[in-house]
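Participant:
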Amino acid sequence: MKAAILNYGCGNLHSLAKAVRSGGADAVVTPDVIEAIACDALFLPGVGAFGTATASLLPNLGELRTALRAGLPCMGICLGMQLLFERSEEGQGEGLGVIPGNVRRLSAQCVPHMGWNSIEDANDPVFDLSGLTTAYFANSYACEPKDASVITAWTTHESDRFPAAVRVGNIVGAQFHPEKSSSAGVAMIAAFLEEVRS
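The opening residue of the sequence shown carries number 226 in the numbering used here; numbering runs sequentially from there.
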């Protein structure tokens, strides 16, 4: 099974590729959207700025959006999760919009939100199979889906409670970094890949 990691100039590509390989998939790191959407699964990595990432994706935004809406399994991580939404307060540019909603700045005194935090009210097989209850976060922004039923886990930073994970069909978003969240985080990636495989 081939899993593409889309390189749009952001992200922890090395650690994510290592986690994907440990989950039993061939990790294909590529800046080419067309090559990426031809794989069995797609990862949108984290770290970076919304505007920079959307500018990189713009030439093939339509093809990427069409592939996701047609059922291409995808995991968006941190910034990658935010790219699944329509717009962000962080910068200009159009997101993929496969999850209706926007991205807002965290309402907390200490921003960015950095370090380990609890996963609350998790309700998704990837959490059940991995046993992930605490994850590593590095974010200044949070997603606000229009339909709260897509939220599969929460976290709280200071007094700001926001989605830690979302799901729409084959598309999973994680605001945290599973590839940096110890063995349980890597197990979450493996659980997602096993779901794709079966």
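The beta carbon of each residue, even a glycine, is placed where N, CA and C say it ideally should be. Only a predicted model underlies this, so the values are computations on that prediction, with no experimental measurement involved.
Rounded to whole angstroms, what's the CA-CA distance from I259 to L286? Just pull it up for me.
Facilitator: Whole-angstrom Cα-Cα distance: 10 Å.
Participant: In angstroms with no decimal places, state the Cα-to-Cα distance between T358 and A295.
Facilitator: Spanning the two alpha carbons is a distance of roughly 31 Å.
Participant: Go ahead and pull the three-state DSSP assignment for N285.
Facilitator: It is helical.
Participant: Under 8 Å, with one C-beta from each stretch per pair, do the region 344–362 and the region 409–416 reach the 3-pair mark?
Facilitator: The answer is yes - the region 409–416 touches the region 344–362, with three or more Cβ pairs under 8 Å.
Participant: Apart from the five residues on each side of it in sequence, which residues of its chain come closer than 6 Å, Cβ to Cβ, to A347?
Facilitator: Cβ neighbours of A347 beyond the five flanking positions: A378.
Participant: In terms of residues, what are the limits of the beta strand (DSSP E) holding M339?
Facilitator: Element bounds for M339: H338 to S343.
Participant: Any idea if H239 is buried or exposed, counting beta-carbon neighbours within 10 angstroms, 16 or more meaning buried?
Facilitator: Looking at its Cβ environment, which holds fewer than 16 other Cβ atoms inside 10 Å, H239 is exposed.
Participant: Indicate whether L282 and L289 have their beta-carbon atoms separated by less than 8 Å.
Facilitator: Yes. Within cutoff.
Participant: Could you tell me which residues DSSP puts in a beta bridge with H402?
Facilitator: Note: H402 sits in no beta bridge, so no partner.
Participant: Identify, in the order they occur along the chain, each residue of the same chain with its Cβ nearer than 7 Å to the Cβ of I262, setting aside the five sequence neighbours on each side.
Facilitator: E288, L289, A292 and L297.
Participant: Using 8 Å as the threshold, is the C-beta distance between M306 and G234 below it?
Facilitator: In this structure, G234 does not lie closer than 8 Å to M306 by Cβ.
Participant: Since A390 sits in a beta bridge, which residues does DSSP pair it with?
Facilitator: For A390, which the question treats as bridged, DSSP gives the partners A378 and A399.
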